[in-house]
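Scroll down for the structure; my scribbles are underneath it.
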Amino acid sequence: MSSTRQGSSDHAQDQISITLNDHGATQTLTCPRGITGTDLLSRAAGKTGTPSAPFAPFAMKVNGELKDLPTPLIQNATVEWLTFDSPEGKEVYRHSSAHLLAQAVKRLFPGAKLAIGPPIEEGFYYDIDYERPFTPDDLAKLEAAINDVIQADLPITRHELPSAKAVEFFTQRQEPYKVELIRDFQVPTVSYYEQGDFIDLCEGPHLPSTGRMGAIKLLSVAGAYWRGDEKKPMLQRIYGTSFPTADALQAHLTRLEQLKQRDHRKLGRELDLFSIQETIGPGLILWHPKGAAIRQQIEAFWKRLHEEHGYQFVYTPHVARLDLWKTSGHVDFYRENMFPPMEIEGADYELKPMNCPFHLLIYQSHLRSYRDLPIRFAELGTVYRFERSGVLHGLLRVRGFTQDDAHIFCRPDQVEEEISRVLELTTTLLGAFGFHDYDIYLSTRPEHYVGTLEHWEAATSALSTALTRRRLAYQIDPGEGVFYGPKIDIKVKDLFGRAWQCATVQVDFNLPERFTLAYRGEDSREHAPIMIHRALMGSLERFFGILIEHYGGAFPTWLAPVQAMVIPISEAQAAYAESIAERLRARQIRVEIDRRNEKMGLKIREAQLQKIPYMIVVGGREQEQQTVSLRLRSGEQIAALSVDALLDRLSREIAERGPSTA
RNA sequence: GCCCUUGUAGCUCAGUUGGCAGAGCACUUCCUUGGUAAGGAAGAGGUCACCGGUUCGAUCCCGGUCAAGGGCUCCA
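Just so you know, the first sequence maps onto residues 1 to 662 in my numbering.
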């Protein structure tokens, strides 16, 4: 890549036209043919700032393709600078970070074999095979070594090699994983990057030099299978993250710390919401009174909405004969997620992993007319699924959970309308919890499927039409549908932008057939109904965990387990405090009185830590005037409020299901 | 299930190079009767996760089991 700039006599031919696109602002420059991005950048530096400043460009996009800055430009092109501000820029930056990590690993542990080291959402990792586990101590040493390399400001250069040579080269360097990668690429040439004594197989691009790396932090080490295959060797994955400046890195670490503070497992214990106990078993939840109080509110709200939307409630058992699960096909398709059957009087019974077969049997319990449809059965159905021990996680991944499940049986001409109604119900329900941003996926027909192509097409188009009607933006996940029908998955985004899978709407061509469901049509013949599975919150346990983190434990008043705490200043106000609590209770407000022989400051502090929305302080003055002094969770104070005004305020806020005021 | 880390009072954590275990908070009692995020004192509380081994002696060393945490794989 050296001699493209050598002279031609024709001046015009030596010039190319470069269109610079800098955050949407374009300018066109005439440049010598073969100018490198680096030179181009210094030429444009007047506008973009110092080329080596922390947030300055470190790579570029030439006609949409990612390139290193030193790449010569040999024909007219549109060039876009790559900085840390863009997602692609972050990827390049952190990819270089991964290389720095690998270089440090090879320096400190020469015998280590490198696998892969890509950027990820909030950082990067490198998978490494080494004879002994890395310790936190090793991470500190690696960080020091990385910083040495950054200090040295080694140039990072790109080279190409025929694949055969590259295989030879990496074999010689004893990097078997790299060799395997090159062989699998099946391309004639591969590229590698060099920085000082370190060489890594890589497509690039990368930073121009190691000194451009600002701040880097290694976070953890974990096991990861080579190529994600549990039959392949377990490697060690070192996770890290990097930013252009120490401040930006610190801000990120602070955010991680904040997320840890609102971890639902931590808050669940501190706020006495739920527990998971060894004597009961992993993945099985105890809902404590305060958690249960919140669940009661969620369920009551859920129930009311479903009544309004024409659902009928059903209850079904927790176990059933194994034969039921054979008929439904779960034994064939879902066995590894089911608890083993138990034998009772010679027959095998199975703990239910799903509610659907029961709902089908209720449908089937008598003949249905086309006039009866749609039929909507809803149940808060508790199911048990066997999950491998390593995947359990607080409330978010458990072995026993309650689905807000429903099954809709309808005629083909009703599918679209029903889906649309489900979507409306979903956004209403989730919106009440402050979830208004969704990532929606429409999963289409997979390779293996049941049902006819016409059915699939009709159902898929019903799903997409319904989404469009509801003005919900979605992405298509081609081939990701379940074998029995297409589906919509809705992920909600919480305050921190994290997406959580909650709602799902699935069309099912399989179960109605397995159970030979039918309805009598207008033509007096039997027809197969279409079945729709749907859950809005998914699992109450999981949804509760999401809510805890979403609200950081400061539940909006309508959900708060204790909505108000009456705080008498001294024992002299005990009776008055009781009379206030009495009036609140009469309005269904969840109120407690802190009668302890403690100072008001302590009572307020503890109510605050329990994130109780309203603290009702009553002392001698209030008692005399028959008022209260209100303190909100936000710290706001309202003095001398009449009890009637207090009642109105609380009742209204609860009825409106207002947002969290934490 | 796999890799690594962890398991000491209800909670958060000290600690012992192997010699009958400690703090703060919480709890109980007493004093204090208070004005918007911690008043004071005393007391009670632990087979140091469980099982086994080494040892005169194990909470500590070794092995196993269970559970939790961070990941991988899988998913509501």
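Note that CB positions come from ideal geometry on N, CA and C, so glycine has one too.
Inter-residue Cα distance where the pair is Gln15 and Val62: Here residue 15 refers to the residue found at position 15 of the first sequence. Here residue 62 refers to the residue found at position 62 of the first sequence. Near 17 Å, if we compare the C-alpha coordinates of Val62 and Gln15.
Own chain residues within Cβ distance below 7 Å of Lys141, not counting five before or after: What you label residue 141 is simply residue 141 of the first sequence in a count that begins at 1. Around Lys141: Leu108.
Asp200 bridges to which residues according to DSSP? Locating residue 200 in the first sequence gives position 200, where the first residue counts as 1. Note: Asp200 sits in a beta bridge opposite Tyr193.
Can you tell which of Thr465, Ser461, Tyr438 has its C-alpha closest to the C-alpha of Ile490? The sequence position of residue 490 within the first sequence is 490, counting from 1. Just measuring C-alpha positions, the residue of Thr465, Ser461, Tyr438 sitting nearest Ile490 is Tyr438.
What runs of the beta strand (DSSP E), each 3 residues or longer, lie entirely inside the region 332-364? The qualifying runs are 342-344, 347-351.
Can you find the residues in the same chain that come closer than 6 Å, C-beta to C-beta, to Gly400, ignoring five residues on each side of it along the sequence? To locate residue 400, count along the first sequence from 1; it is residue 400. When the five nearest sequence neighbours on each side are left out, the beta carbons in the same chain lying within less than 6 Å of the beta carbon of Gly400 are those of Leu284, Tyr384, in order along the chain.
Supposed close pair Ala564, Leu584 - CB separation, criterion 8 Å: Within the first sequence, residue 564 is the residue found at index 564, counting from 1. Within the first sequence, residue 584 is the residue found at index 584, counting from 1. Yes, Ala564 and Leu584 are in contact; Cβ-Cβ is about 6 Å, under 8 Å.
Check whether Glu592 and Val566 have beta carbons under 9 Å apart: Position 592 of the first sequence, counting from 1, holds the residue named residue 592. Position 566 of the first sequence, counting from 1, holds the residue named residue 566. Taking 9 Å as the Cβ cut-off, Glu592 and Val566 qualify as a contacting pair.
Is it buried or exposed, His573, if we count other Cβ atoms within 10 angstroms and call 16 or more buried? Your numbering for residue 573 matches position 573 in the first sequence. According to the sequence as given, residue 573 is Gln; it is not His. Counting the other Cβ atoms within 10 Å of the Cβ of Gln573 gives 16 or more, which makes it buried.
Taking Ala59 as the reference, which of Arg158, Ala145, Ser220, Ser389 has the closest Cα? Working through the first sequence from its first residue, we reach residue 59 at position 59. If we check each option's Cα against that of Ala59, Arg158 comes out closest.
With distances taken between CB atoms, is the gap from Thr468 to Trp456 smaller than 9 Å? As a first step, residue 468 must be located in the first sequence, where it is residue number 468. As a first step, residue 456 must be located in the first sequence, where it is residue number 456. Cβ atoms of Thr468 and Trp456: not closer than 9 Å.
Distance, Arg587 Cα to Leu647 Cα: On the first sequence, position 647 is the one that residue 647 refers to. On the first sequence, position 587 is the one that residue 587 refers to. If I take the Cα positions, the gap works out to 8 Å.
Starting from the C-beta of Gln151, find all residues in its chain whose C-beta is less than 8 Å away, skip the five residues before and the five after it, and write them out in chain order. Along the first sequence, read from residue 1 onward, the residue named residue 151 stands at position 151. Closer than 8 Å at Cβ, skipping near neighbours: Gly211.
For the beta strand (DSSP E) containing Arg590, list its first residue and its last residue. What you label residue 590 is simply residue 590 of the first sequence in a count that begins at 1. For Arg590, no beta strand (DSSP E) run applies, since DSSP gives it neither H nor E.
How many angstroms separate the CA atom of Phe169 from the CA atom of Val450? Stepping through the first sequence from its first residue, residue 169 is reached at position 169. Stepping through the first sequence from its first residue, residue 450 is reached at position 450. Between Phe169 and Val450, the C-alpha separation is close to 50 Å.
Find the nearest neighbour of Arg143 within the set Arg132, Pro57, Ser242, Gly204, judged by alpha-carbon distance. For the purposes of this step, residue 143 is taken as the residue at position 143 of the first sequence. First, the amino acid is wrong: residue 143 is Glu here, not Arg. Per the Cα distances, Ser242.
Using beta-carbon positions only, say whether Ala466 and Ser420 come within less than 9 Å of one another. Locating residue 466 in the first sequence gives position 466, where the first residue counts as 1. Locating residue 420 in the first sequence gives position 420, where the first residue counts as 1. Contact: yes.
Can the beta-carbon of Leu219 be found closer than 9 Å to that of Thr189? Within the first sequence, the letter at position 219 stands for residue 219. Within the first sequence, the letter at position 189 stands for residue 189. For Leu219 and Thr189, no; Cβs fall outside 9 Å.
Per-residue DSSP class, three states only, for Ser220: Here residue 220 refers to the residue found at position 220 of the first sequence. In the three-state reduction of the DSSP assignment, Ser220 falls in the strand class.
Closest to Lys290 by CA distance: which of Leu630, Arg649, Lys611 is it? Taking the first sequence and counting its residues from 1, the one referred to as residue 290 is at position 290. Comparing Cα positions, the closest option is Lys611.
Helix, strand or coil for Asn147, going by three-state DSSP, please let me know. In the first sequence, counting from the first residue as 1, residue 147 sits at position 147. The DSSP-derived three-state label of Asn147 is helix.
Roughly how many angstroms separate the alpha carbons of Arg43 and Pro244, rounded to a whole number? What you label residue 43 is simply residue 43 of the first sequence in a count that begins at 1. What you label residue 244 is simply residue 244 of the first sequence in a count that begins at 1. Just so you know, the alpha carbons of Arg43 and Pro244 end up roughly 23 Å apart.
Does the region 363-377 come close enough to the region 485-499 that 3 or more CB-CB pairs lie under 8 Å? Touching, no, given that fewer than three Cβ pairs across the two stretches are closer than 8 Å.
Ala378 and Asp404 closer than 9 Å at C-beta: Numbered from 1 along the first sequence, position 378 holds the residue referred to as residue 378. Numbered from 1 along the first sequence, position 404 holds the residue referred to as residue 404. Taking 9 Å as the cut-off, the beta carbon of Ala378 is found closer than this to the beta carbon of Asp404.
Could you give the first and the last residue of the continuous beta strand (DSSP E) run that contains Pro32? The residue labelled residue 32 in the question sits at position 32 within the first sequence. Element bounds for Pro32: 25-32.
What would DSSP say about Gln6, mapped onto helix, strand or coil? Residue mapping note: residue 6 aligns to position 6 of the first sequence, counting from 1. For Gln6, the predicted structure reports a pLDDT of 45, less than 50, and the residue's modelled location is therefore unreliable. The matter cannot be settled from this model.
Could you have a look at Gly521 and say whether DSSP puts it in helix, strand or coil? Here residue 521 is taken as the residue at index 521 of the first sequence, counted from 1. In the structure shown, Gly521 sits in coil (DSSP, three-state: anything other than H, G, I, E or B).
Which term fits Gly394, buried or exposed, when burial requires 16 or more other beta carbons within 10 angstroms of its beta carbon? On the first sequence, residue 394 is found 394 positions in, with the first residue counted as 1. Flag for Gly394 reads buried.
Phe170, enclosing alpha helix (DSSP H) - first and last residue: Stepping through the first sequence from its first residue, residue 170 is reached at position 170. Where Phe170 is concerned, the enclosing alpha helix (DSSP H) stretches over 163-172.
With DSSP as the reference, label Glu91 as helix, strand or coil. Stepping through the first sequence from its first residue, residue 91 is reached at position 91. Looking at Glu91 - three-state DSSP - the assignment turns out to be helix.
Please tell me whether Leu249 and Ala215 are closer than 9 Å, where the distance is taken between their beta carbons. Looking up residue 249 in the first sequence gives position 249. Looking up residue 215 in the first sequence gives position 215. In this structure, the beta-carbon distance from Leu249 to Ala215 falls below 9 Å.
Residue range of the alpha helix (DSSP H) that includes Ile375: Within the first sequence, numbered from 1, the residue matching residue 375 stands at position 375. Judged by DSSP secondary structure, Ile375 falls outside any alpha helix (DSSP H) and instead within the beta strand (DSSP E) spanning 375-384.
By the three-class DSSP mapping on this structure, what secondary structure does Met600 have? On the first sequence, residue 600 is found 600 positions in, with the first residue counted as 1. Here Met600 carries a helix assignment [DSSP, helix/strand/coil].
If you drop the 5 nearest sequence neighbours on each side, which residues of the same chain put their C-beta closer than 6 Å to that of Arg5? Your numbering for residue 5 matches position 5 in the first sequence. At Arg5, the pLDDT of 43 sits below 50, so the modelled position is not reliable and the matter cannot be decided from this model.
With a cut-off of 8 Å on the beta carbons, I'd call Tyr192 and His206 a contact; round off their distance for me. Within the first sequence, the letter at position 192 stands for residue 192. Within the first sequence, the letter at position 206 stands for residue 206. Going by Cβ atoms, the distance from Tyr192 to His206 rounds to 11 Å, so no, they are not a contact pair.
For Gln172, I'd like the list of residues in its chain whose CB is within less than 8 Å of its CB, leaving aside the five on either flank, ordered along the chain. Your numbering for residue 172 matches position 172 in the first sequence. Cβ neighbours of Gln172 beyond the five flanking positions: none.
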